[in-house]
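Asker: Sharing a structure, written as structure tokens. Questions coming.
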Amino acid sequence: MPVRRQPSRTAGVTSHVWPSGGRHLWPSGEASATQSHPRGHLVYAASGVLAVHTERGTSIVPANRVAWTPAGFTHHHRAHGDTDMRIVFLAPSLARLVPDHPAVFLASGLAREVLLALTGPHNDDNAAPGYSRSARARLLRVLVDELREADEQPLHLPEPQDDRLQALARLLHENPADNATLAELGTMIGASTRTLSRLFRNELGMTFYEWRTQLRIHRALVLLADGHDTIRTAYACGWANPSSFIAAFTDVVGTTPGRYRVRQAGAHGADSE
Numbered sequence: 001m002p003v004r005r006q007p008s009r010t011a012g013v014t015s016h017v018w019p020s021g022g023r024h025l026w027p028s029g030e031a032s033a034t035q036s037h038p039r040g041h042l043v044y045a046a047s048g049v050l051a052v053h054t055e056r057g058t059s060i061v062p063a064n065r066v067a068w069t070p071a072g073f074t075h076h077h078r079a080h081g082d083t084d085m086r087i088v089f090l091a092p093s094l095a096r097l098v099p100d101h102p103a104v105f106l107a108s109g110l111a112r113e114v115l116l117a118l119t120g121p122h123n124d125d126n127a128a129p130g131y132s133r134s135a136r137a138r139l140l141r142v143l144v145d146e147l148r149e150a151d152e153q154p155l156h157l158p159e160p161q162d163d164r165l166q167a168l169a170r171l172l173h174e175n176p177a178d179n180a181t182l183a184e185l186g187t188m189i190g191a192s193t194r195t196l197s198r199l200f201r202n203e204l205g206m207t208f209y210e211w212r213t214q215l216r217i218h219r220a221l222v223l224l225a226d227g228h229d230t231i232r233t234a235y236a237c238g239w240a241n242p243s244s245f246i247a248a249f250t251d252v253v254g255t256t257p258g259r260y261r262v263r264q265a266g267a268h269g270a271d272s273e
């Protein structure tokens, strides 16, 4: 008979891990060790926000997104806000149906329910609660089909490899509110605007301004998960006013910062807009 694995508790973390996946309850700021797996895996934050760091960049995973990390990619996770992290591993036969690079997908209502069912608190080594192995296989196929129908989301921030882009990225990671132009940043790191623009296009597949907006949205998701209000978050991330921040945030995340905070905080203490 399969032996149920006991939950492990370290530094405030409660973990339930099975060969097929797992569930980790993490306090805000907790991070996993750097690791890689022979199977690709999906991660979902039933509450809180996850940051998934790989050599390709960082994905931010709020409660309406699912992140995919293919097999063999070195990665680590970090929780922002108290986070209920769910993990589902995919067999190679299913993994080949999703991208071969780290990605973030919009989580449909059905995808969320399947993820929660597959990682329920009473799981064991062989099956999700109440499901036979064949039923679990069908649920996994439904989940993958849902993700294949969903567009990849712009919540993956690619990591620069060129030394000049890395230097620029360090400046903006340290101060995402910095509104310096690309020319001004280029002067600071010793590179021309034309060179930096070409590097952003060729290496990261986006413009400098698109990349900086992504960085700012990432930081905003983290600040909101940590309890900061919309106005403070807007200015901390470089927006000139809360209205422009709300518009940009809604365009990328699909909901307003206020509604996002309500969901993250359980409707307690969220600011109104």
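Position 155 of the sequence shown, counted from 1, bears residue number 155 in the UniProt record's numbering, the numbering being contiguous throughout. All C-beta atoms, glycine included, are put in the ideal place defined by N, C-alpha and C.
Considering only residues of the same chain and omitting the five flanking positions on each side of Ala127, which have a CB-CB separation below 7 Å?
Answerer: Residue numbering aside, residue 127 sits at position 127 when the sequence shown is read from its first letter. Per-residue confidence for Ala127 stands at a pLDDT of 40, beneath the threshold of 50, marking its modelled position as unreliable; the derived number appears in the next sentence. For Ala127, where only same-chain residues beyond five positions count, the Cβ hits under 7 Å are Arg133, Arg136.
Asker: Could you give the distance in angstroms between the alpha-carbon of Asp125 and the alpha-carbon of Pro158?
Answerer: Within the sequence shown, residue 125 is the residue found at index 125, counting from 1. Within the sequence shown, residue 158 is the residue found at index 158, counting from 1. For Asp125, the pLDDT reaches just 43, beneath the cut-off of 50, and the residue's location in the model is therefore unreliable, although a value from the coordinates is still provided. Taking the straight line joining both Cα atoms gives about 35 Å.
Asker: Assess contact between the stretch 22 to 34 and the stretch 63 to 70, defined as three or more Cβ pairs (one per stretch) separated by less than 8 Å. Is contact present?
Answerer: Not touching, per the Cβ criterion.
Asker: Using a 10 Å radius around the Cβ and a threshold of 16 neighbouring Cβ atoms, would you call Met85 buried or exposed?
Answerer: On the sequence shown, residue 85 is found 85 positions in, with the first residue counted as 1. Under this definition Met85 is a buried residue.
Asker: Which complete alpha helix (DSSP H) runs does the UniProt domain "HTH araC/xylS-type" (166 to 263) hold, if anything under 4 residues is left out?
Answerer: Fully enclosed alpha helix (DSSP H) runs of 4 or longer: 182 to 189, 193 to 199, 208 to 225, 230 to 236, 242 to 253.
Asker: Any heavy atom of the ligand ADP inside 8 Å of the beta-carbon of Pro154?
Answerer: You won't find the ligand ADP in this model; it holds no ligand whatsoever.
Asker: Just mark Leu140 as buried or exposed, buried being the case when its beta carbon has 16 or more other beta carbons within 10 Å.
Answerer: Translated into the one-based positions of the sequence shown, residue 140 becomes position 140. Classification of Leu140: buried, given that the 10 Å Cβ count is 16 or more.
Asker: According to the Cβ coordinates, are Leu155 and Val222 closer than 9 Å?
Answerer: What you label residue 155 is simply residue 155 of the sequence shown in a count that begins at 1. What you label residue 222 is simply residue 222 of the sequence shown in a count that begins at 1. No, these two residues do not count as a Cβ contact at 9 Å.
Asker: Can the beta-carbon of Ala217 be found closer than 9 Å to that of Ala240?
Answerer: Your numbering for residue 217 matches position 217 in the sequence shown. Your numbering for residue 240 matches position 240 in the sequence shown. The sequence shown places Ile at residue 217, not Ala. Not a contact, by the Cβ cut-off of 9 Å.
Asker: Taking buried to mean at least 16 other C-beta atoms within 10 Å of its own C-beta, is Gly109 buried or exposed?
Answerer: The residue given as residue 109 occupies position 109 in the sequence shown. Exposed, by the Cβ-count rule.
Asker: Could you work out which residue in Gly238, Leu224, Ala236 is closest to Thr255 when comparing CA atoms only?
Answerer: By 1-based counting over the sequence shown, the position of residue 255 is 255. Nearest option by C-alpha distance: Leu224.
Asker: Measuring straight from C-alpha to C-alpha, what distance separates Thr207 and Ala180?
Answerer: Residue mapping note: residue 207 aligns to position 207 of the sequence shown, counting from 1. Residue mapping note: residue 180 aligns to position 180 of the sequence shown, counting from 1. Roughly 15 Å between the two C-alpha positions.
Asker: Alpha carbons only, please: which of Leu165, Gly238, Pro92, Leu171 is nearest the one belonging to Glu203?
Answerer: One-based indexing of the sequence shown puts residue 203 at position 203. With distances taken between Cα atoms, Glu203 lies closest to Leu165.
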